[in-house]
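Trainee: Following this message is one structure expressed as structure tokens.
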Amino acid sequence: MSFKGDHLKDEGSRLQVTAAGATAGLISRFIIAPLDVVKIRLQLQTHSLSDPLSTRDLQGGPIYKGTLPTLRHILRHEGIPGLWKGNVPAELLYVCYSAVQFATYRTTTQLLHGALGPETLPQSAESFIAGAVGGAAATAATYPLDLLRTRFAAQGNDKVYTSLARAIAQIHREEGPRGFFRGLGPGLAQIVPYMGVFFAVYETLRPHLSGLELPFSSGGAVAGTVASVLAKTGTFPLDLVRKRIQVQGPTRGRYVHKNIPEYYGGTVGAVRTILRNEGFRGLYRGLTVSLVKAAPASAVTMWTYERALRFYTGLGQRREESW
Numbered sequence: 001m002s003f004k005g006d007h008l009k010d011e012g013s014r015l016q017v018t019a020a021g022a023t024a025g026l027i028s029r030f031i032i033a034p035l036d037v038v039k040i041r042l043q044l045q046t047h048s049l050s051d052p053l054s055t056r057d058l059q060g061g062p063i064y065k066g067t068l069p070t071l072r073h074i075l076r077h078e079g080i081p082g083l084w085k086g087n088v089p090a091e092l093l094y095v096c097y098s099a100v101q102f103a104t105y106r107t108t109t110q111l112l113h114g115a116l117g118p119e120t121l122p123q124s125a126e127s128f129i130a131g132a133v134g135g136a137a138a139t140a141a142t143y144p145l146d147l148l149r150t151r152f153a154a155q156g157n158d159k160v161y162t163s164l165a166r167a168i169a170q171i172h173r174e175e176g177p178r179g180f181f182r183g184l185g186p187g188l189a190q191i192v193p194y195m196g197v198f199f200a201v202y203e204t205l206r207p208h209l210s211g212l213e214l215p216f217s218s219g220g221a222v223a224g225t226v227a228s229v230l231a232k233t234g235t236f237p238l239d240l241v242r243k244r245i246q247v248q249g250p251t252r253g254r255y256v257h258k259n260i261p262e263y264y265g266g267t268v269g270a271v272r273t274i275l276r277n278e279g280f281r282g283l284y285r286g287l288t289v290s291l292v293k294a295a296p297a298s299a300v301t302m303w304t305y306e307r308a309l310r311f312y313t314g315l316g317q318r319r320e321e322s323w
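Residues 1 to 323, numbered by the UniProt record's numbering, are exactly what the sequence shown covers, in order.
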């Protein structure tokens, strides 16, 4: 099923789709980097201002309360560079992730069309399957970069890792190859329903919004925002568990939050520990900033993707004409 000539699954070659996805991820990541750092700090925080914790429990770690106070705290104690901690692995992550995601999404759709026919599956089901497969493939392929991004964003002025190369060497030496994949289980468990719901909602809303006068003259930006908010809220606890597991290991007590618990029993064990120690709301720490981040990130990603793809396809057509 195609929505005229600008449908993201049918337009452009594989190389053009990959390049457009990488461009979208690069720009989106840089814009929302400060909010991403705040989200990670809040997700790793196991206490709030209302908790009766002593200085010994905090071990000198900060207490963050809300998005803006956390931003101010980071600026005051770590400066502007503190808001872009982990940006190098994060940029690599977003570029590679977006490229793999969009390319796999397009390829999966074409395989479904070839195996079942283009009109066999409902649009929502087709988008869910393609989105889930694309998200899972991108998550698995880029997961070490995601773990590195989290660890850099979690460290304060007392640096655990001084550079990306040294971080890779240290993790490999102290934790082995498996250390780069801590939390992959909840990561995959989260991304499959997240991307499936995201693309299903996006593809459902986009054709209806494309003819309206919207910000940036793009129905894709608004559709991407709505899709991201719905998908993020439903899968947020798994994202939080992934972050908590990513900072396990020999460096667990050296990050800005020095009282991160040690979790056993994988994803299920971590969820049980959080529920027991922090209650149900403990699974949603950082949700507000996550939603604030998700809206502009998805809008910028989809808006940039559509225009980058249009640019690359136009460039390809001009080259063919010149030949």
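We put the beta carbon where it would ideally sit given N, CA and C, even for glycine.
Measure the alpha-carbon distance for threonine 142 versus leucine 209 and round it to whole angstroms.
Mentor: Within the sequence shown, residue 142 is the residue found at index 142, counting from 1. Within the sequence shown, residue 209 is the residue found at index 209, counting from 1. Cα to Cα, the separation comes out at about 32 Å.
Trainee: Using a Cβ-Cβ cut-off of 8 Å, state whether alanine 136 counts as contacting chain C.
Mentor: No chain C appears in the structure shown, which is made up of a single protein chain.
Trainee: CB residue 326 to CB threonine 23, shorter than 8 Å?
Mentor: Nothing about residue 326 can be reported from this structure: the residues present for the chain run from 1 to 323 only.
Trainee: Quick check on this structure: which residue in Arg285, Leu188, Ile191, Arg182 has the alpha carbon closest to the alpha carbon of tyrosine 264?
Mentor: Here residue 264 refers to the residue found at position 264 when the sequence shown is read from its first residue. Of Arg285, Leu188, Ile191, Arg182, the residue nearest in Cα terms is Arg182.
Trainee: Using 8 Å as the threshold, is the C-beta distance between alanine 19 and serine 127 below it?
Mentor: Position 19 of the sequence shown, counting from 1, holds the residue named residue 19. Position 127 of the sequence shown, counting from 1, holds the residue named residue 127. It is not a contact, given that the beta carbons lie outside the stated cut-off.
Trainee: Does DSSP put lysine 232 in a helix, in a strand, or in coil?
Mentor: On the sequence shown, residue 232 is found 232 positions in, with the first residue counted as 1. DSSP places lysine 232 in helix when its eight states are reduced to three.
Trainee: Can you tell me the Cβ-Cβ gap for threonine 70 and valine 100, rounded? I've got them flagged as a contact below 8 Å.
Mentor: Walking along the sequence shown from the start, residue 70 turns up at place 70. Walking along the sequence shown from the start, residue 100 turns up at place 100. With 8 Å as the limit, threonine 70 and valine 100 do not qualify as a contact, their Cβ atoms being about 31 Å apart.
Trainee: In this structure, how does DSSP classify threonine 120 when only helix, strand and coil are distinguished?
Mentor: The sequence position of residue 120 within the sequence shown is 120, counting from 1. Threonine 120: coil per DSSP, three-state reduction.
Trainee: With DSSP as the reference, label histidine 257 as helix, strand or coil.
Mentor: Position 257 of the sequence shown, counted from the start, is the residue given in the question as residue 257. Note: histidine 257 maps to coil in three-state DSSP.
Trainee: Quick check for students: name the residue ranges of the alpha helix (DSSP H) that lie wholly in the UniProt repeat "Solcar" (122-208), counting only runs of 4 or more.
Mentor: If we require 4 residues or more, the alpha helix (DSSP H) runs fully inside the UniProt repeat "Solcar" (122-208) come out as 123-154, 164-175.
Trainee: For leucine 315, which residues in the same chain have their Cβ closer than 6 Å to its Cβ, ignoring the five residues on either side in sequence?
Mentor: In the sequence shown, residue 315 corresponds to position 315, counting from 1. Same-chain partners within the cutoff: there are none.
Trainee: Compare the Cα-Cα distances from valine 292 to each of Ile74, Phe30, Asp36, Leu26 and report the closest residue.
Mentor: Start at 1 with the first residue of the sequence shown, and residue 292 comes out as number 292. Per the Cα distances, Asp36.
Trainee: Only counting runs of 3 or more residues, tell me where the beta strand (DSSP E) segments fall wholly within the UniProt repeat "Solcar" (12-111), in order along the chain.
Mentor: The qualifying runs do not exist here; there are none.
Trainee: Determine the closest residue to arginine 29 out of Lys65, Glu175, Asn87, Pro144, with distance taken between C-alpha atoms.
Mentor: Residue numbering aside, residue 29 sits at position 29 when the sequence shown is read from its first letter. It is Asn87.
Trainee: For serine 290 versus phenylalanine 236, is the C-beta distance shorter than 8 Å?
Mentor: Taking the sequence shown and counting its residues from 1, the one referred to as residue 290 is at position 290. Taking the sequence shown and counting its residues from 1, the one referred to as residue 236 is at position 236. In this structure, phenylalanine 236 lies closer than 8 Å to serine 290 by Cβ.
Trainee: Does the stretch 72-88 come within contact of the stretch 120-136, defined as at least 3 CB pairs closer than 8 Å?
Mentor: Segments in contact, no.
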